[in-house]
Amino acid sequence: MRTSFNIPDAILEEFDQVWQDEGLDNRSRAVREAMQEYIESHSRLEDLNEDVIALVAFDYRHHEVIGELHSVQHDYQDVILNTSHTHQGDWCLESLFCQGTGERVRELTYRLRNFDGVNRVKIMVIRDR
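Under full-length UniProt numbering, the residues of the sequence shown are numbered 1 to 129, in order.
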């Protein structure tokens, strides 16, 4: 199936460099592999039903979303035990150490992904309890 995407030039250039450096045959193969990794990661997140300990990390443009992000973090203070924040120019990197139900940590992750000013949100489940 053929499809098209709107991707910023800088991201596409970096993506092309990575798959070529890895010796893949073409961009389509690299996109299929990236999509499979996304599906696997998403499925893992959907399977979180028990209590978990997790690290949620995300980067964002501070001036675009800081007020709303603080609101979200307050909504999830039942699972956020600790936060760490650093500035990287116009971008900020934040990590949230979480403990609680998989459902609450999953909801938090999805809420963070819902902001245009947030670039990436990654979750690392440290332990299913």
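In this text, a Cβ means the ideal position worked out from N, Cα and C, and glycines have one as well.
Within a Cβ cutoff of 7 Å, which residues of the same chain sit near residue i, ignoring the five residues on either side of it in sequence?
i           : result
residue 101 : 51
Is the CB-CB distance between residue i and residue j below 8 Å?
i           : j           : result
residue 16  : residue 27  : yes
residue 59  : residue 119 : yes
residue 115 : residue 65  : yes
residue 169 : residue 54  : Only positions 1 to 129 of the chain appear in the structure, and residue 169 is not among them; the question remains open.
residue 108 : residue 31  : no
residue 85  : residue 94  : yes
residue 24  : residue 72  : no
residue 98  : residue 79  : yes
residue 83  : residue 96  : yes
What are the boundary residues of the alpha helix (DSSP H) that includes residue i?
i           : result
residue 11  : 9-21
residue 103 : 102-113
Looking at the strands, I want to know which residues DSSP matches up with residue i.
i           : result
residue 83  : 96
residue 30  : Looking at the DSSP assignment, residue 30 forms no beta bridge with any residue, so it has no partner.
residue 59  : 93 and 120
residue 51  : 101
residue 125 : 54
Among residues of its own chain, excluding the 5 on either side of residue i, which ones have a beta-carbon nearer than 8 Å to its beta-carbon?
i          : result
residue 90 : 61, 62 and 63
Can you tell me whether residue i is buried or exposed, with buried defined as 16 or more other CB within 10 angstroms of its CB?
i           : result
residue 110 : exposed
residue 12  : exposed
residue 123 : buried
Suppose the cutoff is 6 Å on Cβ atoms and the five residues either side in sequence are ignored; what does the same chain contact list for residue i look like?
i           : result
residue 127 : 53
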